[in-house]
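In my numbering, the protein residues as written are 1 to 636.
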């Protein structure tokens, strides 16, 4: 292509453009660096302004009428811009910077430079790589209709809208956005953006059909202003719908006839005017998901106007952020944000001075703000199914906390601050990566429920025996070979779960657990039971499946309240006659043992409803065996 004949100033600009275009299209050379986040500008101050200036030139080209009227050329230019934004590399040389300055002076002013750049771009093969760049916060975006934005830039702006906090993990945010919109991860950025807008437009159409009466409305301009406007107004609609008489107002014909944007503006004023009367708000996604999958994706700032609100339940939605205005709800006592996509909480959460219950189950949280320690009235904190590896030190200030749920996180050790919560009654730590517990556990003197299932514990500290109020202890699915002697002194224990460990024996001290009602010992390596098992007079459920038992002690017959007995997958060759004394027994599992005969005393099991005798060595005919238990379902 023949170059334009330019003045020396233009020639410098041309040289710079040729350099940039050559570098951006030559896969063998290391591309230019690009400052993607404002926080990195200082580190790349010598490179980013020049690269960003060239990006600005391409943006200007996109606004040219001749580009807008030429779809193929427009797409090519967008692809070039996306490719340029995805590059990383070295600084410009001094001469290149001089050329850049000449070009910078011509940006938005000289058609010849634009035309030259346009002709050069036509020579470049479009690339499919779409990489987002940093964008201004959503709060600075106007709702005025703009031109379509390149998919890569728009995708990043959508991410910034849903995750406005700094230092976010873009890969993780993109993954969460895929979940919110049910997008296949393998789709290109352009395809994802189209899917997102199609979904938002579907939601908007369900709330305001009048907006979509004209043709081609589905081809709504793809830009962040459109996206923010729809999101804000859709969620205002959902919030107002749950307020007193909210649905009645929404059903009025004069309101139905309004376009969504007008509805949103009206609802904003109504929320400010009437929201103060609301005491309870419950917007649970599973309650109103319809054929268009409409759920709460954004909590409008007007939530802060509900000054009398005491209970706010917005679980099972698609929220990715909570506005700072949440801190204005000074009367709030219960806040449920479970089953959303939150990655952070605003510091203003600490202003909820009356909050008693905070449910954050099943989000994507890795940390809590230090202000969490200001919730002086909090008694129940649910953090299960998040990604916590630790807790802020300020959590120890929750002096009234009675229940803390940290199950299904990524804890390798219990944060030291937890042991300072002296009023704690329930502590749920199952499904983490704990390998030990400290002696400080003794400080939880009010604890009555301790859940430690599915960790990597090899032992329990002796100090666990000082938890004198403990009624429920679950240490199943760990790597325990024995319990400390002190554990058998927990006289208030009602339920003890030890399944799937490596226990080989039970001590005689087990007989001290006189209030025990449930004992789970499935999948261990027990070969015998101590006679003291008969002292567990309150026991109703005893599970001994998948051990190596060869016999049962006669004292088993003393368990007069036993209702369910699991003995399957052992090596029992016979049963003691005393088993017939289990007058409350309703379920008995004896499958896969070595039984050849059953004691006649089993006829006395009048309450038996089901017995499993499969895969034994019984010599009697099935009909004869079944006659022993006329009122039971017999599997043999």
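Just so it is clear, CB atoms sit at the ideal spot from N, CA and C, and this is done for glycine as well.
| Closest Cα partner of residue 514 within the set 505, 491, 227 | Indexing the chain shown from 1 puts residue 514 at position 514. The option with the nearest alpha carbon to residue 514 is 491.
| field | residue 483 versus residue 511 - alpha carbon distance | value | Stepping through the chain shown from its first residue, residue 483 is reached at position 483. Stepping through the chain shown from its first residue, residue 511 is reached at position 511. Each residue's alpha carbon lies about 14 Å from the other.
| task | Ignoring anything shorter than 4 residues or poking outside the segment 607-633, list the alpha helix (DSSP H) runs there in chain order. | result | 622-627
| field | Selected residue, minimal CA-CA separation from residue 470, among 454, 444, 522 | value | For the purposes of this step, residue 470 is taken as residue 470 along the chain shown, with counting starting at 1. Answer by Cα proximity: 444.
| message | Helix, strand or coil, according to DSSP, for residue 529 in the structure here? | response | Taking the chain shown and counting its residues from 1, one reaches residue 529 at position 529. The answer is coil: DSSP assigns residue 529 none of H, G, I, E or B.
| task | Return the first residue and the last residue of the beta strand (DSSP E) that residue 181 is part of. | result | The residue you call residue 181 lines up with position 181 of the chain shown. Run containing residue 181: none in the beta strand (DSSP E); it sits in the alpha helix (DSSP H), 170-181.
| request: Buried or exposed for residue 630, please, with buried defined as at least 16 other CB atoms from any protein chain shown within 10 angstroms of its CB. | output: Residue mapping note: residue 630 aligns to position 630 of the chain shown, counting from 1. Residue 630 should be labelled exposed.
| request: From the DSSP output, in three-state form, read off residue 431 for me. | output: Counting from one through the chain shown, the residue named residue 431 turns up at place 431. Note: residue 431 maps to coil in three-state DSSP.
| query | In the DSSP assignment, what residue or residues form a beta bridge with residue 380? | reply | Here the question's residue 380 lines up with position 380 in the chain shown. Partner(s): 357, 403.
| field | Contacts around residue 128, its chain only, beta-carbon distance under 6 Å, and the 5 residues preceding and following it disregarded | value | Here residue 128 refers to the residue found at position 128 of the chain shown. With a pLDDT of 30 at residue 128, under the threshold of 50, the modelled position of that residue is not reliable, and no figure is offered here.
| message | Just list the residues that DSSP pairs residue 518 with in beta bridges. | response | Here residue 518 refers to the residue found at position 518 of the chain shown. Answer is 495, 541, bridged to residue 518.
| field | Cβ-based neighbour list, residue 363, same chain, cut-off 6 Å, excluding 5 preceding and 5 following | value | The residue you call residue 363 lines up with position 363 of the chain shown. These residues qualify, in order along the chain: 340, 342, 386.
| Should residue 187 go down as buried or exposed, given a rule of 16 or more other Cβ atoms within 10 Å for buried? | Here the question's residue 187 lines up with position 187 in the chain shown. So residue 187 counts as exposed.
| query | Is the distance from the Cβ of residue 584 to the Cβ of residue 614 below 8 Å? | reply | Locating residue 584 in the chain shown gives position 584, where the first residue counts as 1. Locating residue 614 in the chain shown gives position 614, where the first residue counts as 1. No, these two residues do not count as a Cβ contact at 8 Å.
| query | Do the segment 352-369 and the segment 322-339 touch if we need at least three Cβ pairs shorter than 8 Å? | reply | yes
| task | Measure the alpha-carbon distance for residue 344 versus residue 167 and round it to whole angstroms. | result | Counting from 1 along the chain shown, the entry for residue 344 is found at position 344. Counting from 1 along the chain shown, the entry for residue 167 is found at position 167. Each residue's alpha carbon lies about 11 Å from the other.
| query | For the segment 237-248 against the segment 273-284, are there 3 or more C-beta pairs whose distance is under 8 Å? | reply | yes
| Whose CA, out of 192, 453, 496, 309, lies closest to the CA of residue 518? | Position 518 of the chain shown, counting from 1, holds the residue named residue 518. When only C-alpha atoms are compared, the closest one is 496.
| task | Would you identify the three-state DSSP class for residue 635, choosing helix, strand or coil? | result | Translated into the one-based positions of the chain shown, residue 635 becomes position 635. Correct three-state label for residue 635: strand.
| message | Contact between the segment 260-279 and the segment 231-240 is defined here as three or more beta-carbon pairs at a separation below 8 Å; is this criterion met? | response | yes
| So the beta strand (DSSP E) residue 566 belongs to, where does it begin and stop? | The sequence position of residue 566 within the chain shown is 566, counting from 1. Start and end: 564-566.
| request: Excluding the 5 residues preceding and the 5 following residue 232 in the sequence, name in chain order all residues of the same chain whose CB lies nearer than 7 Å to its CB. | output: In the chain shown, counting from the first residue as 1, residue 232 sits at position 232. Cβ within range, chain order: 264, 298, 300.
| field | Reduced DSSP category for residue 472 - H, G, I as helix; E, B as strand; rest coil | value | Position 472 of the chain shown, counted from the first residue, corresponds to residue 472. In this structure, residue 472 counts as strand in the three-state DSSP scheme.
| request: Classify residue 588 as helix, strand or coil using the three-state DSSP reduction. | output: As a first step, residue 588 is located in the chain shown; it is residue number 588 there, counting from the start. The answer is strand: DSSP assigns residue 588 an E or B state.
| query | Name the DSSP beta bridge partners of residue 313, please? | reply | By 1-based counting over the chain shown, the position of residue 313 is 313. Residue 313 is bridged to 282, 336.
| Are residue 349 and residue 325 touching if we call contact CB-CB under 8 Å? | Stepping through the chain shown from its first residue, residue 349 is reached at position 349. Stepping through the chain shown from its first residue, residue 325 is reached at position 325. Cβ distance not < 8 Å, so residue 349 and residue 325 don't count as in contact.
| Taking buried to mean at least 16 other C-beta atoms within 10 Å of its own C-beta, is residue 169 buried or exposed? | In the chain shown, residue 169 corresponds to position 169, counting from 1. Answer is exposed; the Cβ neighbour count stays below 16.
| said: Do residue 566 and residue 592 count as a contact pair if the criterion is CB distance below 8 Å? | reply: Here residue 592 refers to the residue found at position 592 of the chain shown. Here residue 566 refers to the residue found at position 566 of the chain shown. No, they are not a contact pair.
| query | Taking residue 560 as the reference, which of 536, 548, 553 has the closest Cα? | reply | Translated into the one-based positions of the chain shown, residue 560 becomes position 560. The residue with the shortest Cα to Cα distance from residue 560 is 536.
| Is residue 451 helix, strand or coil by DSSP? | Position 451 of the chain shown holds residue 451. In the structure shown, residue 451 sits in a strand (DSSP, three-state: E or B).
| Just how far apart, CA to CA, sit residue 479 and residue 520? | As a first step, residue 479 is located in the chain shown; it is residue number 479 there, counting from the start. As a first step, residue 520 is located in the chain shown; it is residue number 520 there, counting from the start. Near 15 Å, if we compare the C-alpha coordinates of residue 520 and residue 479.
| request: Could you check which residue in 319, 327, 368 has the C-alpha nearest to that of residue 393? | output: Counted from its first residue, the chain shown places residue 393 at position 393. Among 319, 327, 368, the Cα nearest to that of residue 393 belongs to 368.
| Name the DSSP beta bridge partners of residue 426, please? | Translated into positions along the chain shown, residue 426 becomes position 426. According to DSSP, which records beta bridges pairwise, residue 426 is partnered with 403, 449.
| field | Three-state secondary structure assigned by DSSP to residue 414 | value | Within the chain shown, numbered from 1, the residue matching residue 414 stands at position 414. In the structure shown, residue 414 sits in coil (DSSP, three-state: anything other than H, G, I, E or B).
| task | Could you check which residue in 555, 608, 525, 534 has the C-alpha nearest to that of residue 563? | result | Along the chain shown, one-based indexing puts residue 563 at 563. Comparing Cα positions, the closest option is 608.
| Rounded separation between residue 174 and residue 382 - CA only | Indexing the chain shown from 1 puts residue 174 at position 174. Indexing the chain shown from 1 puts residue 382 at position 382. Distance between the alpha carbons of residue 174 and residue 382: 26 Å.
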